[in-house]
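What follows is a single structure, written as structure tokens, with notes after it.
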């Protein structure tokens, strides 16, 4: 279904103008008064003053300012999102942090040398979040597209940003969402926004350049579809956020407007989703081990196939160049297909990988599609690195002595110079992959 073009943004309230808000009922609201005699204001004016107060308390961090804004720090712009139950903490003294997130253009992976099979040259460096470990498991880890900043988030309700150099890894900023343990957080592909979700009927969008947080109360205009907001993926062209809802429904929301624009549906439930490299197609893995490829412009299913030997599918990933598609299962098995998967209803995998022994939690391709990382949190140290050209596991790493613990999240840096591993101990373990010259 397609939403009408005139649909309102998810956070708009048509009653704001008619609403009257008392400024004398609570002490904290008295600060919003402009004169001693003022006792109440209209709802829209109340929101405007809240935004102004938020900017005074949480000014745009220095590392996010443009040169012009740094020259005139006091000028600023009003927030155009609703005031939210979030607090920001900025580490202004973080070494070399100034302007890192202004470099928001995606760092394109250069053509890398052919990666040799057998051994992976790996060096452990300082933990990415050594300056601020999480108190609970790190469930989301992701590099900014410029390769210099990493986010870490989890059920401690805190999103943390770190400058990654492998030595100091200074903390740049923290954002605390008081009312939402974080299940998943992702940068958009331009590096300008972070979407953070949890098991709540709302989610947050953090504008990293402006230092602004907005709360989006729902995906659909109605409650007809109950979303699982901890399961989403942003399209590579930053047009859409795809949310996994109940009953085989995937809701599509515009990342720019935060409006629901349509949905696609599959039989039974949804195990996982993944975008094609150009963002034109959404792959949906059903709990019945069928994969649907949807054209998101027409919302039509253009191909459908069954995972070979499919039983208990859990994870889906597509490489950035669309060369490979991988499906993980409850048994720990991973099927790897090539691009011909879109030519058959019953394709055969290039290989079935059996290195894991517990349910596959996630699959990550390196940007050059030479490495596939498979991982599980069912047992300690369940992570394997696969050399894709040969479809064999690297024999030297990880070893039984590699201190991975229970793996919850994995991210490669844009040029695959680093791999970051979030675990149950609140650490983001960072490794340098020496084959790659740049992060």
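Residue numbers (full-length UniProt numbering): 1 to 439.
All C-beta atoms, glycine included, are put in the ideal place defined by N, C-alpha and C.
Since the structure is predicted, the reported quantities are computational estimates derived from the model, not experimental observations.
Starting from residue i, trace the beta strand (DSSP E) in both directions and tell me its first and last residue.
i, result
"residue 173", "171 to 177"
"residue 249", "249 to 254"
"residue 423", "418 to 423"
"residue 114", "Segment: none, residue 114 is in no beta strand (DSSP E) and carries neither H nor E."
"residue 329", "324 to 329"
"residue 24", "Premise fails: residue 24 is in no beta strand (DSSP E) and is neither H nor E."
"residue 362", "362 to 365"
"residue 384", "383 to 387"
"residue 318", "313 to 318"
"residue 431", "428 to 433"
"residue 204", "203 to 207"
"residue 245", "240 to 245"
"residue 141", "140 to 143"
Helix or strand or just coil, what does DSSP make of residue i?
i, result
"residue 45", "helix"
"residue 197", "strand"
"residue 30", "helix"
"residue 259", "coil"
"residue 340", "helix"
"residue 212", "strand"
"residue 370", "coil"
"residue 151", "strand"
"residue 163", "strand"
"residue 350", "coil"
"residue 50", "helix"
"residue 414", "coil"
"residue 438", "coil"
"residue 390", "coil"
"residue 356", "coil"
"residue 494", "Outside the shown range of the chain, which is 1 to 439, sits residue 494, and nothing can be said about it."
"residue 188", "coil"
"residue 119", "coil"
"residue 80", "In this prediction, residue 80 has a pLDDT of 37, which is less than 50 and means its spatial position is unreliable; what the coordinates show is noted afterwards. In the structure shown, residue 80 sits in coil (DSSP, three-state: anything other than H, G, I, E or B)."
"residue 265", "strand"
"residue 377", "coil"
"residue 345", "coil"
"residue 39", "coil"
"residue 231", "strand"
"residue 128", "coil"
"residue 137", "coil"
"residue 273", "strand"
Cβ of residue i within 8 Å of Cβ of residue j?
i, j, result
"residue 353", "residue 363", "no"
"residue 161", "residue 370", "no"
"residue 243", "residue 231", "yes"
"residue 274", "residue 317", "yes"
"residue 356", "residue 313", "no"
"residue 135", "residue 426", "yes"
"residue 395", "residue 423", "no"
"residue 164", "residue 139", "no"
"residue 415", "residue 439", "yes"
"residue 311", "residue 345", "no"
"residue 196", "residue 202", "no"
"residue 343", "residue 278", "no"
"residue 205", "residue 214", "yes"
"residue 280", "residue 297", "yes"
"residue 287", "residue 270", "yes"
"residue 234", "residue 253", "no"
"residue 255", "residue 188", "yes"
"residue 378", "residue 399", "no"
"residue 159", "residue 137", "no"
"residue 176", "residue 397", "no"
Given residue i, which residues of its chain have a CB within under 7 Å of its CB, disregarding the five upstream and five downstream residues?
i, result
"residue 77", "The predicted position of residue 77 is uncertain, since its pLDDT is 35 and thus under 50; a value taken from the coordinates is nonetheless stated next. So the list is empty, once near-sequence residues are dropped."
"residue 350", "336, 337, 338 and 391"
"residue 130", "169"
"residue 375", "361, 362, 382, 383, 407 and 410"
"residue 23", "29, 30, 32, 33, 38, 39, 40 and 41"
"residue 133", "426 and 427"
"residue 198", "180, 181, 182, 183, 229 and 230"
"residue 507", "Given that the chain is displayed from residue 1 to residue 439, the structure contains no residue 507 and the question cannot be resolved."
Skipping 5 residues on each side, what residues in its chain have a beta carbon closer than 6 Å to that of residue i?
i, result
"residue 124", "431"
"residue 411", "141, 142, 143 and 420"
"residue 447", "This structure cannot speak to residue 447, because the chain is shown only from 1 to 439."
"residue 4", "At residue 4, the pLDDT of 36 sits below 50, so the modelled position is not reliable; the number obtained from the coordinates is stated separately. Nothing meets the Cβ criterion."
Is any beta-carbon of chain D found at less than 8 Å from that of residue i?
i, result
"residue 205", "Absence of chain D from the displayed structure is noted, only one protein chain being present."
Near residue i, which residues of its chain fall below 8 Å by C-beta distance, leaving aside the five closest residues on each side in sequence?
i, result
"residue 417", "147, 432, 433, 436, 437, 438 and 439"
"residue 126", "166, 167, 168, 169 and 430"
"residue 95", "Bear in mind that a pLDDT of 42 at residue 95, under 50, signals an unreliable position, so the number given afterwards is only what the model happens to contain. Excluding positions up to five away in sequence, the list reads 163, 168 and 170."
"residue 340", "347"
"residue 323", "338, 339 and 369"
Does the ligand GTP have a heavy atom nearer than 7 Å to the CB of residue i?
i, result
"residue 216", "Ligands are entirely absent from the displayed structure, and the ligand GTP is therefore not among its contents."
Start-end ranges of the beta strand (DSSP E) lying completely within the region 275 to 309, minimum 3 residues: Fully enclosed beta strand (DSSP E) runs of 3 or longer: 281 to 286, 290 to 295 and 300 to 306.
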